[in-house]
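Asker: Below is a structure I'd like to ask you about.
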Amino acid sequence: MSSYQLRRSQQDKQIEDSPAVDYIRSLNSFQGNTRGFGQSNSERLAMVQQAQQNRAQSQEQGHDHSHEHEVENVERAERAESTTPLDSYLPLAAGANGQGVVLLQNKLNALGAGLVTDGEYGGKTTSAVQIFQVANGLPKTGSIDKGTAIALYSSQAKRLEQAQLEGVPGQYLGEYEAYRGGQNIGSIDVVELNGKKVAAKTARAWKTLRDAAAADGVFLILNSGFRTMSEQRHLYSKYGSPRAAYPGHSNHQHGQALDIDASNPQHKDWLFKNAPSFGWRNTVSFEPWHWEYFGN
Ligand SMILES: [Zn+2]
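Residue numbers for the sequence shown follow this note's numbering, beginning at 1 and rising by one.
Here's what the structure looks like:
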């Protein structure tokens, strides 16, 4: 074996054994990752494998020039896969701060997040990371592991406004704290639908109701959906009681309630006649527009 061939076969061994190739393989075997990024990773894995195959073939055929070229391609593909500017800061999670978080916030902003780049990994950064993960078919952890870092710096990264939960209409806005009777009842997934914030579960039911009404020629209008604690605080400070409920006590804070325009008598009649069979109840007798979804 010539020294050139020896050097080549050592390089090949390194490529085969490289953590990058192992990492790409592990990403592809990860089941939760078959949507979005799973696809592009498997495409890139295929690219690396194809390049390795081409190299093996050209070696057999003695085409040393194309061999050289393919080695470069493999190395470039692997470098692109395995290295991100965040690597020395990983893992990054809520509570972290400093330069790594500033880098992350800038990257998220370039993808549509609109964060203050204060270097503090707080609730808003966590939420932006979750939205990014949903947009890119990654597990919604809210923290940055190697897989999310690679996705962030990929040329195929999907922007935050592209985030959609599977089977839920509307754009995914993240998790918000829900309240019932003044008690925090945990965080819920919220989407934007017809220009309003709506709890994910209610969004599905609203779309069903809206479409059923439309099929009868009744085009329902959504006036209000889920309210965040800060939105309810704002309303309360603006209108006070009794027009606005005390923050934490509004029945628009638990996620089940929608205000559906009922000023048109045709709409109101349709709702009272049909909405109950879709799992909706009018829970405030003097507010014909206030409907809550309880399921069937
Ligand atoms: Zn209401």
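Even for Gly, the Cβ is constructed at its ideal location relative to N, Cα and C.
Quick check: Ala301 and Leu209, are their CB atoms within less than 8 Å of each other?
Answerer: There is simply no residue 301 to check, as the chain begins at 1 and stops at 296 in what is shown.
Asker: Can you tell me which residues form a DSSP beta bridge with His290?
Answerer: Position 290 of the sequence shown, counted from the start, is the residue given in the question as residue 290. Checking the DSSP bridge columns, you'll see His290 partnered with Asp259.
Asker: With a CB to CB cut of under 8 Å and the five nearest residues on each side skipped, what residues in its chain are close to Asn97?
Answerer: As a working note, residue 97 is residue 97 in the sequence shown. Residues of the same chain with a CB within less than 8 Å of the CB of Asn97, apart from the 5 flanking positions on each side, are Gly119, Glu120, Tyr121 in chain order.
Asker: If you compare alpha carbons, which of Ala200, Ala244, Gln130 is closest to Tyr236?
Answerer: The residue labelled residue 236 in the question sits at position 236 within the sequence shown. When each option's Cα is compared against that of Tyr236, the closest is Ala244.
Asker: Can you tell me which of Gly167, Ala215, Ala205 puts its alpha carbon nearest to the alpha carbon of Val134?
Answerer: In the sequence shown, the residue the question calls residue 134 occupies position 134. Answer by Cα proximity: Gly167.
Asker: What residues in its chain sit with their C-beta under 6 Å from that of Ala257, if we drop five residues either side in the sequence?
Answerer: In the sequence shown, residue 257 corresponds to position 257, counting from 1. Excluding sequence neighbours, Ala257 sits near Asn251, Glu292.
Asker: Mark Gln105 as exposed unless 16 or more other C-beta atoms lie within 10 angstroms of its C-beta, in which case mark it buried.
Answerer: Position 105 of the sequence shown, counting from 1, holds the residue named residue 105. So Gln105 counts as buried.
Asker: Per DSSP, which one or two residues make a beta bridge with Ile188?
Answerer: The sequence position of residue 188 within the sequence shown is 188, counting from 1. In DSSP, Ile188 forms a bridge with Tyr176.
Asker: Should the stretch 195-207 be regarded as contacting the stretch 144-154, the criterion being three or more beta carbon pairs within less than 8 Å?
Answerer: The answer is no - the stretch 144-154 does not touch the stretch 195-207, with fewer than three Cβ pairs under 8 Å.
Asker: Beta strand (DSSP E) containing Lys197: first to last residue?
Answerer: Within the sequence shown, the letter at position 197 stands for residue 197. Note, Lys197: beta strand (DSSP E), 196-199.
Asker: For Ser230, which of Phe286, Asn223, Asp259, Gly248 has the nearest alpha-carbon?
Answerer: Here residue 230 is taken as the residue at index 230 of the sequence shown, counted from 1. Among Phe286, Asn223, Asp259, Gly248, the Cα nearest to that of Ser230 belongs to Gly248.
Asker: Output the residues surrounding ligand 1, defined as those with a CB atom closer than 7 Å to any ligand heavy atom, in chain order.
Answerer: Ser224, Asn251, His252, Ala257, Asp259, Val284, Glu287, Trp289, His290
Asker: Pull the bridge partners of Arg281 from the DSSP assignment, please.
Answerer: For this step, residue 281 is matched to residue 281 along the sequence shown. Paired residue(s): Glu292.
Asker: Can you have a look at Lys238 and say buried or exposed, based on whether 16 or more other CB atoms are within 10 angstroms of its CB?
Answerer: Against the sequence shown, residue 238 aligns to sequence position 238. Exposed is the call here.
Asker: According to DSSP, is Ile144 part of a helix, a strand, or is it coil?
Answerer: Reading the sequence shown from its first residue, position 144 is the one you call residue 144. The DSSP-derived three-state label of Ile144 is strand.
Asker: CB-CB under 6 Å to Asp145, same chain, minus the five flanking residues each way: which ones, in chain order?
Answerer: Looking up residue 145 in the sequence shown gives position 145. Around Asp145: Pro91.
Asker: Excluding the 5 residues flanking Lys207 on each side, which residues of the same chain have their C-beta closer than 6 Å to its C-beta?
Answerer: For the purposes of this step, residue 207 is taken as residue 207 along the sequence shown, with counting starting at 1. Excluding positions up to five away in sequence, the list reads Pro169.
Asker: So, with DSSP's three-state summary, where would you put Asn97?
Answerer: Along the sequence shown, one-based indexing puts residue 97 at 97. In the structure shown, Asn97 sits in a strand (DSSP, three-state: E or B).
Asker: Can you pull the DSSP bridge partners for Ser241?
Answerer: Translated into the one-based positions of the sequence shown, residue 241 becomes position 241. For Ser241, which the question treats as bridged, DSSP gives no partner whatsoever.
Asker: Hey, would you say Gln253 sits closer than 8 Å to Arg227, going by beta carbons?
Answerer: Taking the first residue of the sequence shown as 1, we reach residue 253 at position 253. Taking the first residue of the sequence shown as 1, we reach residue 227 at position 227. Yes, Cβ-Cβ distance for Gln253 and Arg227 is below 8 Å.
Asker: Let me know the secondary structure DSSP gives Leu193 once reduced to three states.
Answerer: Taking the sequence shown and counting its residues from 1, the one referred to as residue 193 is at position 193. Here Leu193 sits in strand by DSSP.
Asker: Buried or exposed: Gly240, going by 16 or more other Cβ atoms within 10 Å of its Cβ?
Answerer: As a first step, residue 240 is located in the sequence shown; it is residue number 240 there, counting from the start. Answer is exposed; the Cβ neighbour count stays below 16.
Asker: So for Ser224, helix, strand or coil by DSSP?
Answerer: As a working mapping, residue 224 is identified with position 224 in the sequence shown. Here DSSP, grouped into helix, strand and coil, assigns Ser224 to strand.
Asker: What is the DSSP secondary structure of Gln171, counted as helix, strand or coil?
Answerer: For the purposes of this step, residue 171 is taken as residue 171 along the sequence shown, with counting starting at 1. Strand.
Asker: Roughly how far, in whole angstroms, is the beta-carbon of Leu111 from the beta-carbon of Ala157, given that I think they are within contact range, below 8 Å?
Answerer: The residue given as residue 111 occupies position 111 in the sequence shown. The residue given as residue 157 occupies position 157 in the sequence shown. Correct: roughly 6 Å between the Cβ atoms.
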